[in-house]
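Inspection log for the structure reproduced underneath, given as structure tokens.
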Amino acid sequence: MCSMNLNTQTWALPAARTRYNLEMPGEITIRQYQDSDQASVAKLWTTVFPDDPPWNSPSELIGRKQKAQPELFWIAQQDGEIVGTILAGYDGVRGWIYHLAVDPAQRRKGTARLLMQTAEASLEALGCPKINLQVRLYNRAAVAFYQALGYGIEERVQMGKPIGKFRRS
Ligand SMILES: CC(C)(COP(=O)(O)OP(=O)(O)OC[C@H]1O[C@@H](n2cnc3c(N)ncnc32)[C@H](O)[C@@H]1OP(=O)(O)O)[C@@H](O)C(=O)NCCC(=O)NCCS
């Protein structure tokens, strides 16, 4: 479990205290997603990603993630409230990060940095050589955040096509 001190605040807990929900006031804890988190996560995502496409609706996305590397889905919790999320995936070629979200009222406290540290450490442990992620063109805050963590802008064109029940006729 990663742990760091910032402005005399402790930002992560030993695993046992986390498991038994023995948080210190104000502490940010990173733990794996569990079923009972669904409603809170859906509320956070609806606030943070209001114009997500239908294939990213909370119930769709959480349902799929529960079937594909569910262990790579973490939440950040503070004072019993869910304040952040991150999903990761590794397909043997690249690692990917999805749905990094922090409650707007809780930003600039290091929550996303902790979530990214957790995801990066897990992807690295799986042998992943490189992490990719997508940021919408005008999302300057996210670009600044990822650059602060050492991510570079790469000259690529992102292409995509919905398939299955989301296929466009
Ligand atoms: C991007 C986001 C996840 C950052 O969350 P956060 O918890 O506020 O980030 P942190 O506190 O861990 O920030 C770490 C560092 O990143 C940089 N950073 C974070 N937000 C920034 C912003 N709005 N502008 C400039 N730099 C920023 C800073 O260097 C910051 O360190 P500092 O506060 O000591 O200066 C959050 O703004 C968010 O949820 N945005 C909406 C969803 C989104 O865009 N997700 C990512 C793309 S899918």
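Just so you know, we're using this note's numbering here: the sequence shown kicks off at 290 and counts up by one. Idealized CB from N, CA, C, for every residue including glycine.
- Taking Phe455 as the centre and dropping the five residues before and after it, the same chain places the C-beta of Pro343 and Trp344 closer than 7 Å to its C-beta, in chain order.
- Taking all protein chains shown into account, Thr318 has 16 or more neighbouring C-beta atoms within 10 Å of its C-beta and is therefore buried.
- 8 Å or more divides the Cβ of Ile386 from the Cβ of Arg320.
- Straight-line measurement puts the Cα of Ser329 at about 7 Å from the Cα of Ile371.
- Taking each of Gln395, Gly352 and Gly381 in turn and checking the Cα distance to Asp368, the smallest one comes out for Gln395.
- DSSP, reduced to helix, strand and coil, places Asn345 within a helical segment of the structure shown.
- DSSP places Glu370 in the uninterrupted beta strand (DSSP E) bounded by Glu370 to Tyr379.
- Out of Ala390, Leu412 and Gln406, the CA that lies nearest to the CA of Tyr379 is found in Leu412.
- Sorting Arg397, Ala430 and Lys332 by C-alpha distance to the C-alpha of Ser348 places Lys332 at the top.
- Ranked by how close their Cα comes to the Cα of Met313, the residues Arg445, Glu443, Gln366 and Pro418 have Gln366 in first place.
- For Trp385, DSSP records a beta bridge to Gly378 and Asn421.
- Annotated as distal: Leu403 and Leu389, with beta-carbon spacing of 8 Å or more.
- Excluding residues up to 5 positions away in sequence, Tyr379 and Gly384 lie with their Cβ nearer than 8 Å to the Cβ of Leu415 in the same chain.
- The shortest CA-to-CA distance from Pro339 to any of Gly441, Asp392, Tyr440 and Thr407 is the one to Asp392.
- In this structure, the alpha-carbon of Thr400 lies about 14 Å from that of Ala430.
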